[in-house]
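Worksheet: one structure, shown below.
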Amino acid sequence: MVSEFRKKKILYLFKIMCNAESNSTAEKKDYDASVAYILNILRKEKNSKFLKDIEEGAAMVWEGLSSGRDKINAEEWINVWDTGKSELLEWQKMHCKVNFLMQDLAGDGVVDEEEFVRFHVALGMSAEVTKGAFQKMSQGKPKVTWEDFERLYKEYLQSEDKIAPGNYVFGSTKLFM
Numbered sequence: 001m002v003s004e005f006r007k008k009k010i011l012y013l014f015k016i017m018c019n020a021e022s023n024s025t026a027e028k029k030d031y032d033a034s035v036a037y038i039l040n041i042l043r044k045e046k047n048s049k050f051l052k053d054i055e056e057g058a059a060m061v062w063e064g065l066s067s068g069r070d071k072i073n074a075e076e077w078i079n080v081w082d083t084g085k086s087e088l089l090e091w092q093k094m095h096c097k098v099n100f101l102m103q104d105l106a107g108d109g110v111v112d113e114e115e116f117v118r119f120h121v122a123l124g125m126s127a128e129v130t131k132g133a134f135q136k137m138s139q140g141k142p143k144v145t146w147e148d149f150e151r152l153y154k155e156y157l158q159s160e161d162k163i164a165p166g167n168y169v170f171g172s173t174k175l176f177m
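Using full-length UniProt numbering, the letters of the sequence shown map in sequence onto residues 1 to 177.
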């Protein structure tokens, strides 16, 4: 059974990944539109290896989420994310990696505050909120490494602790706190 707190965090992903409300159904076309929007704001060269990797990773994530279906409702979404296991599923690992790569705007293997804020502001979040989120997520460190991000992402999905640093990995806690 998923706690109300974790359910809210998982439904936040439903909203930001598919532009869907918790009482609706997410469709592959919504997910694809979100991915295309993010790829557009990254302003990377078309046909670059980076964009190809992101697109392939995003396709793998949808496949894992939907088991090949074109639609998934909020209840199904919660059930797929909540595996009850301590280890992430392969598609969850890929989602984590894709998110890290998209935020590592310099491509140097770390996400610093400027990159984190720039990425999330481009998605429509406020700079002030995302700066605060980065400070809480990074626990005051200037950069987040891939290993840190992976741990924080897992913490986002699995932690019941409302002040856990991982709760800030997606730039805001406004919708679930």
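Think of the CB as a built atom: it goes at the ideal place given N, C-alpha and C, for glycine as much as any other residue.
Specify, as a first and last residue, the run of the beta strand (DSSP E) that K143 falls within. Position 143 of the sequence shown holds residue 143. Its beta strand (DSSP E) spans residues K143 to T145.
DSSP state of N73 mapped onto helix, strand, coil: Sequence index remark: in the sequence shown, residue 73 carries index 73 (1-based). Three-state DSSP puts N73 in a strand.
Taking the DSSP output, what are the residues bridged to E27? Here residue 27 refers to the residue found at position 27 of the sequence shown. The partner list for E27 (beta bridge, DSSP) reads K71.
Residues that DSSP places opposite D104 in a beta bridge: Along the sequence shown, read from residue 1 onward, the residue named residue 104 stands at position 104. DSSP, once it has assigned bridges, lists no residue as partnering D104.
Proximal residues to A106 (C-beta, below 7 Å), its chain only, five neighbours per side dropped: Counted from its first residue, the sequence shown places residue 106 at position 106. Only E115 meet the Cβ criterion.
Assigned secondary structure, V111 (DSSP; H/G/I helix, E/B strand, else coil): On the sequence shown, residue 111 is found 111 positions in, with the first residue counted as 1. Of the three classes helix, strand and coil, the one that applies to V111 here is strand, per DSSP.
Is the CB-CB distance between G109 and A133 below 7 Å? Here residue 109 refers to the residue found at position 109 when the sequence shown is read from its first residue. Here residue 133 refers to the residue found at position 133 when the sequence shown is read from its first residue. It is not a contact, given that the beta carbons lie outside the stated cut-off.
Please tell me whether D30 and N19 are closer than 7 Å, where the distance is taken between their beta carbons. One-based indexing of the sequence shown puts residue 30 at position 30. One-based indexing of the sequence shown puts residue 19 at position 19. Their beta carbons are under 7 Å apart, which means D30 touches N19 by this criterion.
Can you round the beta-carbon distance between V98 and G57 to whole angstroms, since I take them to be within the 8 Å contact cut? In the sequence shown, counting from the first residue as 1, residue 98 sits at position 98. In the sequence shown, counting from the first residue as 1, residue 57 sits at position 57. That belief holds up - the Cβ atoms of V98 and G57 are roughly 4 Å apart, short of 8 Å.
What is the rounded straight-line gap between the Cα of Y168 and the Cα of N47? Looking up residue 168 in the sequence shown gives position 168. Looking up residue 47 in the sequence shown gives position 47. Spanning the two alpha carbons is a distance of roughly 31 Å.
Looking at the structure shown, is D82 part of a helix, part of a strand, or coil, going by DSSP? Position 82 of the sequence shown, counted from the first residue, corresponds to residue 82. Coil at D82, not helix or strand.
Rounded distance between the beta-carbons of V129 and S138, thought under 8 Å: Taking the first residue of the sequence shown as position 1, residue 138 is located at position 138. Taking the first residue of the sequence shown as position 1, residue 129 is located at position 129. Contact flag wrong, Cβ pair sits at about 15 Å.
In the structure shown, what three-state DSSP assignment does L13 receive? On the sequence shown, position 13 is the one that residue 13 refers to. Three-state result, L13: helix.
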